């Protein structure tokens, strides 16, 4: 990282009452603004796109375009929205438990169920059901919205999901996923015919 790179949260003196502003000084000339902000702040590209669309990212005081190419010394200000406060409630949701011990619980998630709470899905999720089933015995590594969640599967996909009941299990399962030593197999049901035998 170059010495010119600055990544700090402004003080109240710098930005009044808004403590959700982060200032970056571009140290990678030619980089796209959206890619640079996503990498420096650890945000997803879709989150950065929303910030850009909302005018929450400025370069030298002007709202930035996503494809703007940075110049050395450009001052980038990113205003993050206030985080929404969620309280994840335990809900008595039937869970298809395939395996459970003191370290992990494996659930056969049905199609249509969201794994963890998010805007628009604050209840009826797998996490809500796990909170009821497991109580406080879930790993806290992923925070209050995703306790025990090591991986996820899409809402419209059914299948097994392995949940960590303690932090040691969470670390171990995450390492297996990263190293590809955990085997996962997917099956799809399709209709119609194929034009080719392979591909």
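Numbering (my numbering), first residue to last: 11 to 209. Ideal Cβ placement from N, Cα and C applies to all residues, glycine included. Nothing here was measured: the structure is a model prediction, and the numbers come from that model.
Along the chain, where does the beta strand (DSSP E) that runs through residue i open and close?
i           : result
residue 172 : 169-174
residue 85  : 85-89
residue 45  : First-last for residue 45: 43-51, but that is the alpha helix (DSSP H), not the beta strand (DSSP E).
residue 119 : 114-119
residue 107 : 107-110
residue 67  : 67-69
For residue i, I'd like the list of residues in its chain whose CB is within less than 7 angstroms of its CB, leaving aside the five on either flank, ordered along the chain.
i           : result
residue 184 : 160
residue 44  : 55, 58, 59, 62, 76
residue 156 : 126, 137
Are the beta-carbon atoms of residue i and residue j separated by less than 7 angstroms?
i           : j           : result
residue 188 : residue 113 : no
residue 62  : residue 50  : no
residue 177 : residue 147 : no
residue 52  : residue 79  : no
residue 84  : residue 36  : yes
residue 89  : residue 31  : yes
residue 91  : residue 168 : no
residue 180 : residue 151 : yes
residue 103 : residue 173 : no
residue 86  : residue 108 : no
Can you give me the Cβ contacts of residue i inside the same chain, cut-off strictly under 6 angstroms, excluding the 5 residues immediately before and after it?
i           : result
residue 28  : Residue placement at residue 28 cannot be trusted, given a pLDDT of 43 that sits under 50; what the coordinates show is reported in the next sentence. Here the set comprises nothing.
residue 125 : 136, 162
residue 105 : 117, 139, 143
residue 65  : 73
residue 131 : 124
Going by beta carbon distance, what residues of the same chain come within less than 8 angstroms of residue i, once the five residues before and after it are set aside?
i           : result
residue 3   : No answer is possible for residue 3: it lies beyond the span of the chain, which begins at 11 and ends at 209.
residue 145 : 100
residue 204 : none
residue 123 : 134, 135, 136, 165
residue 82  : 14, 36, 37, 39
residue 42  : 76, 77, 78, 79, 80
residue 196 : 169
Can you tell me where the alpha helix (DSSP H) holding residue i begins and where it ends?
i           : result
residue 137 : 136-144
residue 60  : 55-63
residue 181 : 177-189
Considering only DSSP beta bridges, list what residue i is partnered with.
i           : result
residue 131 : 128
residue 79  : 42
residue 159 : 173
residue 201 : Answer is none; residue 201 lacks a bridge partner.
residue 73  : 68
Using 7 angstroms as the limit for Cβ to Cβ distance, is residue i near chain E?
i           : result
residue 148 : Absent from the structure: chain E. Only one protein chain is present.
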